[in-house]
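Inspection log for the structure reproduced underneath, given as structure tokens.
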Amino acid sequence: DAEITQSPRHKITETGRQVTLACHQTWNHNNMFWYRQDLGHGLRLIHYSYGVQDTNKGEVSDGYSVSRSNTEDLPLTLESAASSQTSVYFCASRPGGDTGELFFGEGSRLTVL
Amino acid sequence: SQKIEQNSEALNIQEGKTATLTCNYTNYSPAYLQWYRQDPGRGPVFLLLIRENEKEKRKERLKVTFDTTLKQSLFHITASQPADSATYLCALGRRSNYQLIWGAGTKLIIKP
Chain A
3 DAEITQSPRH KITETGRQVT LACHQTWNHN NMFWYRQDLG HGLRLIHYSY GVQDTNKGEV
63 SDGYSVSRSN TEDLPLTLES AASSQTSVYF CASRPGGDTG ELFFGEGSRL TVL
Chain B
11 SQKIEQNSEA LNIQEGKTAT LTCNYTNYSP AYLQWYRQDP GRGPVFLLLI RENEKEKRKE
71 RLKVTFDTTL KQSLFHITAS QPADSATYLC ALGRRSNYQL IWGAGTKLII KP
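Protein chains in written order, with my numbering: chain A, 3 to 115; chain B, 11 to 122.
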């Protein structure tokens, strides 16, 4: 079955370190998204991509970057982790178009000490 | 400012009753609205989509209404079951760029 997987599921790191969270989907979806989820907040969009070599900033993109070298993967990099980036991160994808449902990964819980 | 509000307090419902969750928004012109279910430690799972020109959508025991005048969507689960216990998220698709703006979710607890 097609799926979307995130790794690692849990990570603890120190302030200032670079961290990369992986996202891999096997649906061949064009659109991929990274969100963060914090208590009391709705999911907030970090970055998104509508296809290979396309990346766009979301509402909370500062301190994060993504790259899209193939259809399947959209890794999220924290250049210099900060305690404010402690959160649960979700990757999602959808086939294309503007209104379709999102398919989410299981999340990556990141703790920055 | 733009806001999406879902009841932050948990909703406790007796098994068999209808659960109704609310999603209110201000200062948006949504093109559509989606509802998702999220279980602890899992990613959200899509349930229903309703477009701005639709009043109601149904899927099995689920029903969603969308009132653009009241700026409100209601999500109903009829004949609720303990397995329906989860957090339910609403998300508005903005007309300007179709990006989703999310509510913080409402935790639903169905008691046997």
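Yeah, the Cβ is synthetic: ideal placement off N, Cα and C, and Gly gets one too.
The DSSP-derived three-state label of alanine 20/B is coil.
Chain-ordered, the chain B residues with CB closer than 8 Å to the CB of glutamate 103/A read Gln44, Phe56 and Leu59. Cβ-Cβ distances below 8 Å link lysine 121/B to Asn22, Ile23, Gln24, Glu25 and Pro92 in the same chain, with the five nearest sequence neighbours on each side left out; the list follows chain order. Relative to cysteine 93/A, the option among Leu115/A, Ser86/A and Thr79/A whose CA is nearest is Thr79/A. Our two residues, isoleucine 60/B and glycine 53/B, have alpha carbons roughly 21 Å apart in a direct line.
For the C-beta of leucine 45/A, the chain B residues within less than 7 Å are, from N- to C-terminus, Trp112.
By the beta-carbon neighbour count (other beta carbons within 10 angstroms, threshold 16), serine 95/A is buried. A direct Cα-to-Cα measurement between leucine 76/A and glutamate 70/B gives close to 35 Å. Bounds of the beta strand (DSSP E) holding glutamine 82/B are 82-87. Going by C-alpha positions, leucine 41/A is about 8 Å away from alanine 114/B.
At least one C-beta of chain B is nearer than 8 Å to the C-beta of glycine 42/A. The Cβ neighbour count for alanine 96/B, taken over all protein chains shown within 10 Å, is at least 16; the residue is labelled buried. By the criterion of a C-beta distance shorter than 6 Å, serine 82/A is surrounded in its chain by Gly18, once the five residues flanking it on both sides are discounted. Looking at the DSSP output, asparagine 33/A sits in a beta bridge with Arg96/A. Under the three-state reduction of DSSP output, serine 110/A falls in the strand class. Between the stretch 105-114 of chain A and the stretch 6-26 of chain A, the count of Cβ pairs shorter than 8 Å is three or higher; the stretches touch.
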